[in-house]
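Working notes, beginning with the structure itself.
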Amino acid sequence: MPPTALAVVTSDATTRHPGLTVIPHALRFRRFSLRVLTLLLGLLFATLMATYVVVSSANDSNARDHARANLELAARIVQSAIRQRLDFLASSASVMAGDDALKQVLRTGDNRTLASLLQSYTQRVGAPVIALYDADGQPLASSEPGMDDENTGPFRSLIRTALGKDLAESSGFAYLRNKLHVLIVVPLYAPHPNIFGWFGLAFPIDRAFAEKIKDTTHVELTYLSLDSPQQPHLLATTLGQAAIPTVVNAAAIANQARADHLPRPATEIIDLPDDRYVTLTWFQAMLGANPVALVLQRPLSPELAPARELENSLLLTALAAFAVATLLALVIARGVSQPVRQLAAHTQTIAAGDYATRITLDRADELGQLADAMNSMSAGLAERDQVRDLLDKNVSPEVAAQLMRDGAALGGEEREVTILFADLRGFTTLSEKLPPPELLALLNRYLDRMSGAIEAHGGVIDKFIGDAIMALFGAPVTQDAPADRALAAALEMERALVSLNAELATEGRPPLAIGVGVNTARVVAGNIGSHRRLNYSVIGDGVNVAARLQSETRKPEYGANIITSAATLAACRRLAESGLPVSAFSFRPLGYAQVKGRAEPVEIYAVS
Amino acid sequence: MPRIFLHSPAPVLACLLAFTCHTSRLAAGNVVVIVKDTKGQPVTDAVVSLIPLEASAPAPLHPPVEPVVISQHGEEFDPYVTVVAVGTHVSFPNLDSIRHQVYSLSKTKPFEIPLYGSGTEQSILFDRPGIVALGCNIHDWMSAYLVVVETPHFMKTAGDGVARLAELPAGRYRLDVWHPRLAGESRRDLVVAAADAATQTISVTLKPDRRIRRAPDGAGGGYK
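Just so you know, the protein sequences line up as chains A and B, in that order. Following my numbering, the numbering of the first sequence begins with 1 at its first residue and continues without gaps. Following my numbering, the numbering of the second sequence begins with 609 at its first residue and continues without gaps.
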């Protein structure tokens with residue numbers, strides 16, 4: 001087996017019983033509304049968070065791009081401003097070249113007067129520095145004294161370049177008096193195209209220039225000298241003092257990267273004390289010196305301001321959505337949980353046995369259907385209960401239960417039961433004396449007492465036959481000591497009759513008398529009847545014997561109200577032998593009695 | 609008063625001459641003119657001239673024999689404002705070590721003294737009344753005014769804005785005030801009585817000073 005397959009088997013083993021997955025207790029919700037709320041808000045939160053993150057990051061990158069584009073534009077504006085200035089100086093130089101005063105002065109060869117003329121020119125042109133060189137680049141005069149020595153080098157270098165390349169002008173960055181300047185040399189034609197000499201003009205790239213650029217572009221501009229590359233020093237800046245060390249450090253790092261030819265991003269983000277700045281650093285070559293770093297910076301927060309506004313309104317919308325979603329979730333959850341709780345309560349009502357109450361949910365959805373179903377169920381249960389009630393009255397509760405349990409199946413089984421027959425003596429005479437309603441009332445009163453006595457000892461009323469009662473012990477439910485119970489019931493009936501007779505005596509009625517026959521025998525028990533109408537009963541010879549024994553009580557020679565058979569006596573004895581507690585009965589043998597339809601006589605006993 | 613005379617010899621001479629010539633005339637008055645600007649500040653270098661209106665013959669001007677001097681010193685003209693009578697010669701000595709040039713394109717007297725070193729070139733005769741703006745074509749900041757008047761009665765205000773004109777024959781005059789920055793004209797008629805010492809206070813509106821200032825040496829200038 002390849003290792004991958006093995007791995008699959010292993011992982012299978014861990015997820016073998018998905019049905020046993022246990023939900024952590026904390027995630028179980030006691031309330032449906034909480035679940036709906038959590039789900040809805042969770043979903044909303046996830047969506048909003050995702051939106052916020054996406055929008056925020058898009059805004060951020062957009063702001064950076066915008067700042068970068070602005071910086072690049074500002075860099076072009078710086079270059080263009082310098083270029084325009086140079087163009088202006090170049091055209092000014094050509095106007096100066098045409099000035100007759102200049103020619104007059106040049107004719108005299110008086111360089112001091114020339115210097116003062118150049119000073120006039122600086123004011124006319126607005127160039128702080130104007131110098132004049134001869135055709136070979138030797139200085140003739142300068143508007144500023146002291147410009148003839150080391151500061152003249154850059155101009156001469158430009159003149160050499162222009163001469164070498166036959167250019168109409170040449171420009172570059174240089175330090176004049178240790179200050180950053182842009183220089184241009186323009187030939188002085190006298191006459192054209194004869195080059196008499198060169199105008200050298202310069203203007204400073206200073207704080208004022210930077211402020212002017214800042215006015216138009218809103219970009220912070222800083223110049224740093226890299227004469228000591230490890231430790232750039234500030235030439236000028238539009239930034240505050242606090243920002244300078246950070247910018248200087250960043251320039252040192254950028255310069256190191258440049259020196260090492262490492263790839264550098266077009267812009268970087270630098271954290272200054274007041275804001276984060278998108279920074280573009282550009283290294284300008286210098287005449288006769290290390291390059292200078294021109295650092296253009298634009299704060300990020302103004303770029304982000306509209307985005308922040310958007311994010312704030314997004315946040316507000318999110319909060320509003322949250323509030324609405326909460327309300328909505330609560331309403332929905334309530335709409336579901338309320339009827340569910342109602343249904344649950346109703347279920348408990350039903351469980352408590354109240355089938356009459358109906359639940360009303362005014363809704364057409366599944367819950368409404370459930371309520372309808374519950375109402376149908378209540379109706380069904382009530383009906384069943386009614387049936388059961390009727391059944392209980394018409395058959396004994398045990399038979400009713402057996403019918404409920406096993407259904408009314410036709411069938412039978414052979415089992416040993418003790419059958420009790422009781423009959424009201426002299427009922428016929430009584431029936432002639434009493435009007436029928438009174439007779440029935442008396443009969444029912446009598447039957448009620450007798451039934452009570454039988455049921456008190458676990459007997460099951462099989463049927464009433466007129467004034468006669470047939471009861472079973474040991475069927476349909478098997479019970480212990482059925483014979484014992486039957487005899488006990490018979491004695492109980494006798495006592496019950498005594499108390500009934502006492503009542504009758506107070507009512508001025510004649511007393512009643514009964515005869516009871518008890519027999520134990522194996523009989524066939526089951527539902528007897530047609531498909532439409534059944535009775536649970538027992539049939540067999542033993543039943544006839546029991547009835548016969550009851551009849552025997554009428555014989556005055558026996559002097560017994562309760563007569564039982566030897567079979568019942570035997571059953572009682574077996575019980576006594578088995579060591580179970582038994583009732584104390586006295587049996588008086590009465591000899592043998594002939595039973596109709598039976599060849600052998602039955603040995604009978606009077607019980608008391 | 610003596611301070612003004614030191615700075616401006618031409619009116620001194622004119623006055624002296626006028627005094628000597630008219631000393632026989634007893635009917636003479638004095639006029640004190642105070643020139644102030646709209647803010648009440650005294651105005652220096654205002655030229656005050658009185659032109660007689662009733663004289664049957666023009667007053668004799670008696671221009672000075674020696675030229676009036678406007679020197680070039682420290683790359684500036686000195687004085688800034690000079691007033692002379694018609695027919696006066698003016699010389700422009702260069703006291704600097706570098707060369708200068710003097711020119712005027714004013715209609716009163718267009719002229720040029722080409723580039724010259726230290727010393728004095730020829731003097732120039734100013735034979736028509738009017739304002740002459742003077743310049744140096746090398747040094748733009750160098751500027752001066754020469755006011756040529758057709759009357760012997762003229763004076764330049766001093767630092768206190770006061771010009772005193774003395775020994776004026778009695779009669780009606782037109783009082784003219786001029787200043788390099790004067791907006792419009794300022795003239796009024798007045799009558800000078802014998803032994804009069806009237807004070808005329810004249811308020812003038814001055815335009816802003818737009819003179820080119822010379823850049824300080826080695827300042828390096830700025831980006832403009």
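Glycine included, C-beta positions come from ideal geometry on N, C-alpha and C.
Buried or exposed (CB count within 10 angstroms, at least 16 for buried), residue i
i, result
"Pro451/A", "Position check: residue 451/A holds Ser in this sequence, whereas Pro was assumed. Ser451/A comes out buried."
"Lys596/B", "The requested residue 596/B is not part of the displayed model; chain B covers only 609 to 832."
"Asn151/A", "buried"
"Pro435/A", "exposed"
"Val185/A", "buried"
"Glu674/B", "exposed"
"Gln594/A", "exposed"
"Gly503/A", "Checking the sequence, you will find Glu at residue 503/A rather than Gly. So Glu503/A counts as exposed."
"Gln138/A", "exposed"
"Gln256/A", "exposed"
Continuous alpha helix (DSSP H) stretch holding residue i: start and end
i, result
"Thr357/A", "Note, Thr357/A: premise wrong, no alpha helix (DSSP H); not H, not E."
"Thr326/A", "Leu300 to Ala351"
"Ile213/A", "Arg207 to Thr217"
"Val595/A", "Careful: Val595/A lies outside any alpha helix (DSSP H) and carries neither H nor E."
"Val247/A", "Ile244 to Ala259"
"Pro482/A", "Pro482 to Thr506"
"Asp275/A", "No alpha helix (DSSP H) contains Asp275/A, which DSSP labels as neither H nor E."
"Gln550/A", "Asp541 to Glu552"
"Ser751/B", "Careful: Ser751/B lies outside any alpha helix (DSSP H), inside the beta strand (DSSP E) at Ser751 to Val757."
"Leu430/A", "Phe427 to Lys433"
Boundaries of the beta strand (DSSP E) in which residue i is found, first to last residue
i, result
"Ala168/A", "Here Ala168/A belongs to no beta strand (DSSP E), and DSSP marks it neither H nor E."
"Leu470/A", "The question names Leu, but residue 470/A in the sequence shown is Met. Run containing Met470/A: Ala468 to Phe473, per the beta strand (DSSP E) assignment."
"Glu775/B", "Val770 to Pro777"
"Tyr446/A", "Element bounds for Tyr446/A: not the beta strand (DSSP E) but the alpha helix (DSSP H), Pro436 to Ala456."
"Val523/A", "Ala513 to Gly529"
"Lys179/A", "Lys179 to Tyr189"
"Leu575/A", "Leu575/A -> not in any beta strand (DSSP E); alpha helix (DSSP H) instead, spanning Ala566 to Glu577."
"Asp462/A", "Val460 to Ile465"
"Glu603/A", "Val602 to Val607"
"Ser794/B", "Ser794 to Val800"
Pair within 7 angstroms by beta-carbon distance, residue i and residue j
i, j, result
"Ile130/A", "Thr217/A", "no"
"Ala300/A", "Val278/A", "A small fix is needed here, since residue 300/A is Leu in this sequence, not Ala. In contact: Leu300/A and Val278/A (Cβ atoms closer than 7 angstroms)."
"Val800/B", "Gly637/B", "yes"
"Val655/B", "Val691/B", "yes"
"Ala525/A", "Arg388/A", "no"
"Ala90/A", "Glu303/A", "no"
"Pro154/A", "Leu272/A", "no"
"Val607/A", "Thr553/A", "no"
"Ala250/A", "Ile270/A", "yes"
"Arg780/B", "Leu661/B", "yes"
"Arg772/B", "Val676/B", "no"
"Phe421/A", "Ala547/A", "yes"
"Glu577/A", "Tyr592/A", "no"
Close beta carbons around residue i, own chain, < 7 angstroms, minus the five adjacent residues each side
i, result
"Ala248/A", "The amino acid occupying residue 248/A in the given sequence is Val; Ala does not appear at that position. Cβ within range, chain order: Leu224, Pro232 and Leu234."
"Ala567/A", "Asn519, Thr520 and Ala521"
"Gly611/A", "A query on residue 611/A cannot be resolved here, the shown segment of chain A reaching from 1 to 608 and no further."
"Thr113/A", "Val105"
"Ala75/A", "Leu280, Trp282 and Leu296"
Beta-carbon proximity list for residue i, same chain, < 6 angstroms, skipping 5 on both sides
i, result
"Ile625/A", "The structure shown does not extend to residue 625/A, since chain A is modelled only from 1 through 608, so no value can be given for it."
"Arg598/A", "none"
"Leu20/A", "Here the model assigns Leu20/A a pLDDT of 49, short of 50, so the residue's position is not dependable and the matter cannot be decided."
"Gly459/A", "Ala471, Phe473 and Ala489"
"Arg822/B", "Trp749"
Contacts around residue i, its chain only, beta-carbon distance under 8 angstroms, and the 5 residues preceding and following it disregarded
i, result
"Val694/B", "Leu669, Pro671, Phe734, Asp735, Arg736, Pro737, Val756, Val757 and Glu758"
"Thr728/B", "Ser699, Phe700, Pro701 and Asn702"
"Ser726/B", "Asn702, Leu703, Asp704 and Ser705"
"Ser714/B", "Gly738, Ile739, Val740 and Ala741"
>> Suppose only complete runs of 3+ residues qualify. What are the beta strand (DSSP E) ranges in the stretch 108-169 of chain A, listed by chain order?
In response: If we require 3 residues or more, the beta strand (DSSP E) runs fully inside the stretch 108-169 of chain A come out as 129-134 and 139-142.
> Going along the chain, which unbroken runs of the beta strand (DSSP E) with 3 or more residues stay wholly within the stretch 651-737 of chain B?
Replying inline: Listed in chain order, the complete beta strand (DSSP E) runs (minimum 3 residues) inside the stretch 651-737 of chain B are 655-660, 689-693, 696-699, 708-712, 719-724 and 732-734.
> What residues in the stretch 100-111 of chain A have a beta carbon less than 7 angstroms from any beta carbon of chain C?
Replying inline: Of the protein chains in the structure, A and B, none is chain C.
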